[in-house]
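Working notes, beginning with the structure itself.
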Amino acid sequence: MLMQRKRLVAGLAAAAFGVAVGPIMASDTNGDSPLGDSPIRLLIPFGPGGGSDMTARVLTATAPEFCGPRIDVVSMSGAAGLEAVNHVMNAESDGHTLLVTDYGPIVTSGYVDDVEWSHDDWDPVMLFTEWLPTVYTRADHEIDSIEDWVEQLEAEPNSVTFAHAAPLGIVHLPLILFEMETGLENRHIPTSGGGETRSMVMGGHVDLGMTLPASIASEVEEGTLKALGTFADERADVLPDVPTFKEAGYDVSLPAWLMIFAKEDVPQETKEFLQDCFMEALATPTAESMSERTNAGIDPRGMEASADLYHNTVEMVGSILREIGEID
Amino acid sequence: MLEALTDALLLALDPSVLMFVALGILLGITLGAIPGLSGDMAIALLLPTVFYLEPASALGLLVGIYKGGMFGGSISGITFGVPGTPGAAATTIDGYQAKLKGKPNRALHTALYSSVAGDSSSDLILIFIALPLAAVALKFGPVEFFALYAFSLLLISALTRGQLAKGVAACALGILLSMIGRDPIGGSLRMTFGIPELAGGLSLIPVLVGIFAVSELIVQVSKAWAAKSRAIVEDAKEKSKMFSDYDAAADKLPFRDFLKLWKATAIGTGTGTLIGALPGAGSSLAAFISYGLAQRFSRNGEEFGKGSMEGVASAEAGNSATSGSTLIPLFAFGIPGSATAALFGAAFILMGMTPGPNMVRDHSDVIYALFIILIYANLVNLLMGKVLLPYYSKMSMVQPRILLPIVFCLAIFGTYAAGNSLIDVWVLLGAGLLGVVLRLYGFPLAPLILGFIVGPGAERALRQSLLIGGEWSYLFSSPIAIGFYTTALGLILVFTLLLRNKA
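Top line first, the protein sequences correspond to chains X and B. All residue numbers for the first sequence refer to the working numbering, where the first residue is 3 and numbers rise by one. All residue numbers for the second sequence refer to the working numbering, where the first residue is 125 and numbers rise by one.
Shown next as structure tokens:
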């Protein structure tokens, strides 16, 4: 219903003012498409306007040409995202209903929540990007580097307050992993999201926070915030001067990927077709300029590379959750 | 500077931009007036158009929807007693009472004027003193937020005079309902009774629409059934007489009458602007606090809740005055302080601008154009409101037996569309039943909604404070927090004494 109205509203705007909103509702039927005419729906387990929403919308603008049918993005954040995940799980296995998510609602939820599916019921179709969780603080804070942070905690355990969004989410698990690795302890302060974390860090109410690089890149460049380190194997493109924890000598890397998932029982050739047409779409100049504009950092990878990454994450998150006693 | 301003003027006053502003306002008022649908949702849906429109046109469309939606929410609040948006919940308290007294037009006009007044002042503050105000907003950490929430809960629970206990009970029930779902600190599930769909908690829109609208519908339907008994037939006759006797000519609001409401409007504007600038506080909270303060400082405080125009003006000014200032943290620090600000932030990002202090410097033409649009969109909103309101007030006087089923369908449709969730529809119906029970026993509904809105923030702020500070005394470690607690105590003392003297 949401989508119909979206089309209606968009159509209204186009009709009344002759504006080129065409690509949103493009439905150039591709005769060869094994997917027929009915639209592909990309379900997002988060509210509208966030990183996953904006990234997925690059496909609605570019992929219909290659995939055949129209592509709609549907945001369904109910039940902490599980409503979207379950909706895709209960849909027909025809490749028309797909899930776009980071590992939280699918890997972590698969362990800690009472769900009717297991991790093996999902297959990645492709990967959009990897977000690299980054620790940051305000410019005038006395902690300047990973080393300062560790020193302060060694001198006085539990003396650093650390703000992060939802517990066990993509900007909290890396901290837990770091503490497991080093035996250090921080005071964890959960917040309602990146915005609250940031105002608590900037207002001096907490010492450190964790976020994703795109949201702090321009402040770090300006010198109003400073980033201490990134939980990844390589430095973030937008934060080239910020070291990884690996460089500082801590083997802690937990990137938060954004992938498209299909149910495991969707026919293999359908998944391959979707992979191919999405990858083609993301290679177009339009997609690249949209990615550039939105700081989405789209760097697509195919289903095999995505599957490896997915299974690694499942294992890694499982071992963290077991270690902290969240699961048996 | 001057050159940038001329460029911006040319951008903002382009006829196509003007048309998008007008289209946005029309859409916003209409969607805002449908219970369950809000301007935010329309902005979210239209976000992708940013890819295809010129920046000024796209911003004009979004600003128009936002402003129209802010005011539109009060239309259904006043005409059907069902707040169209969460922000209009406080407006509904007096607005609907005024309508029942045959003054829908006065109430709607009061809402329109105060909405535009609050909105315009707030826009000016965003444009001229965003930075100093943003610096104050950053001083609000968990300790200060908890004090603000505690202050607002106290103020609102005590709204209905002589019903303090029921107000506090309704408020507590609201907080309890807001705690269903995942614990914000520990992450464990609370009060979900094994229903996985409740893991994300109850959504605001179905609770709001259910408590106000569905309960009203159930009450009306049972009244119609009970009308077989004679006494109630008489009552129903009297009621329907009110509807058929509606005299549109007598129900006018001359502008000088609105000017008499300056105090309530000013309180709403000031409170709304301040609360709007605080990341995370929100327009409903601003409206409720404005309403509470206006009642405290009004000479006719006892009229509040019985159709007071001051009540409508303060709540609506408070609600709308958040609209400019909610962008302040976004402009000053890149922090989205509300759902709307987050959507505007996303729109800026889609346009290739990173929200934050540099945005104004690096893209001065677009940002100045946005400022100009913010100001003149208020005028468009006023004009369009003036044109549409007579129709809305006539519509509000359609017989309830025709109107209510339509409102009910719209409520179900709006609730489902807001989250694509069937669970929300069940929550809507459940909240409706709860609303009936509360009405039967004479509990005020507004404190419940405020408790539900403020509950999660208050809990998070309290527990964050205790995690950071480690002990309860930390709650009194900030001058701002102590200020809120003293004001709350002071207000209670002063008014208890005043009331005693009056008696």
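Virtual Cβ for every residue (Gly too), placed ideally from N, Cα, C. From a predicted model like this one, the values you see are computed outputs, not experimental measurements.
Given that a residue counts as buried once 16 or more other Cβ atoms are within 10 Å of its Cβ, and exposed if not, what is X/Gly225? exposed
Less than 7 Å separating the beta-carbons of B/Phe144 and B/Leu186? no
X/Leu84 and B/Ala323: beta carbons closer than 7 Å? yes
Can you check whether the C-beta of B/Leu474 is within less than 7 Å of a C-beta belonging to chain D? No chain D is present in this structure, whose protein chains are X and B.
Helix, strand or coil at X/Val23 [DSSP, three-state]: Bear in mind that a pLDDT of 35 at X/Val23, under 50, signals an unreliable position, so the number given afterwards is only what the model happens to contain. Coil, per DSSP.
List the residues of chain B whose Cβ lies closer than 7 Å to the Cβ of X/Ile191, in chain order. Gln588, Leu591 and Ile592
So does the region 545-553 of chain B actually touch the region 251-259 of chain B, counting three or more Cβ pairs closer than 8 Å? no
Inter-stretch contact (C-beta, 8 Å, three-pair minimum) for the region 61-70 of chain X and the region 276-285 of chain X: yes
Kindly provide the ranges of any alpha helix (DSSP H) runs that are 4 or more residues long and lie completely inside the region 273-313 of chain X, ordered along the chain. 287-295
Just how far apart, CA to CA, sit X/Ser255 and X/Val87? 26 Å
Let me check understanding here. Comparing Cα to Cα, which of B/Leu161, B/Pro378, B/Leu137 and B/Val343 lies closest to B/Ala231? B/Pro378
Rounded to the nearest angstrom, what separates B/Glu427 and X/Glu158 at their Cα positions? 59 Å
Could you tell me which residues DSSP puts in a beta bridge with X/Ser77? X/Ile46
Select from the region 192-211 of chain X all residues with a C-beta closer than 7 Å to any C-beta belonging to chain B, and list them in chain order. Pro192, Ser194, Gly197, Glu198, Arg200, Ser201, Met202, Met204, Gly205, His207 and Val208
Buried or exposed, going by whether 16 or more other CB atoms sit within 10 Å of the CB of B/Ile530? exposed
Chain X partners of B/Pro460, CB-CB under 7 Å? Gly197
Just to confirm, is the Cβ distance from B/Val484 to B/Ile473 under 7 Å? no
For X/Phe19, I'd like the list of residues in its chain whose CB is within less than 7 Å of its CB, leaving aside the five on either flank, ordered along the chain. With a pLDDT of only 38 at X/Phe19, under 50, the local geometry of the prediction cannot be trusted, and no value is derived from it.
Report yes if the C-beta distance between X/Cys162 and X/Asp125 is below 7 Å; otherwise report no. First, the amino acid is wrong: residue 162 of chain X is Val here, not Cys. No, the Cβ-Cβ distance between X/Val162 and X/Asp125 is not below 7 Å.
Secondary structure at X/Ala250, three-state DSSP: helix, strand or coil? coil
What distance in whole Å lies between the Cβ atoms of X/Ala219 and X/Thr193, which are believed to be in contact at a cut-off of 8 Å? In fact, because the Cβ distance is near 20 Å, the residues do not count as touching under 8 Å.
Give the DSSP bridge partners of X/Pro192, in chain order. X/His166
So X/Glu266 is in the alpha helix (DSSP H); what residue range does that whole segment cover? Unbroken run through X/Glu266: none, as it is neither H nor E.
For B/Ile616 and B/Ser281, I'd like the C-alpha separation in whole angstroms. 12 Å
Counting only beta-carbon atoms, is B/Asn505 nearer than 7 Å to chain X? no
Within-7 Å CB hit, X/Ala238 to chain B: no
Hey, is B/Arg485's beta-carbon within less than 7 Å of any beta-carbon in chain X? no
If I'm right that X/Met202 touches X/Gly195 with Cβ under 8 Å, what's the distance once you round it to whole angstroms? Actually they do not touch by this definition, with Cβ atoms about 11 Å apart.
Residues in the same chain with beta-carbon distance under 7 Å from B/Ser462, minus the five sequence neighbours each way, listed in chain order, please. Gly406 and Thr450
Label X/Ala15 either buried or exposed according to how many other C-beta atoms from any shown protein chain fall within 10 Å of its C-beta, with 16 as the threshold for buried. The predicted position of X/Ala15 is uncertain, since its pLDDT is 41 and thus under 50; no value can be drawn from it.
Do B/Pro628 and B/Gly156 have their C-beta atoms closer together than 7 Å? With chain B represented from 125 up to 627, any question about residue 628 of chain B goes unanswered, as that position is not in the structure.
Chain B beta carbons: is any one of them nearer than 7 Å to that of X/Glu132? no
Expressed to the nearest angstrom, what Euclidean distance is found between the alpha-carbon atoms of B/Leu183 and X/Met204? 28 Å
For B/Leu564, which residues from the same chain have a beta carbon less than 7 Å from its beta carbon, with the 5 sequence-adjacent residues on both sides left out? none
Taking Cβ-Cβ distances shorter than 8 Å, what residues in chain X pair up with B/Ile309? Pro169 and Pro192
Kindly indicate if chain X contains any beta-carbon less than 7 Å away from that of B/Leu250. no
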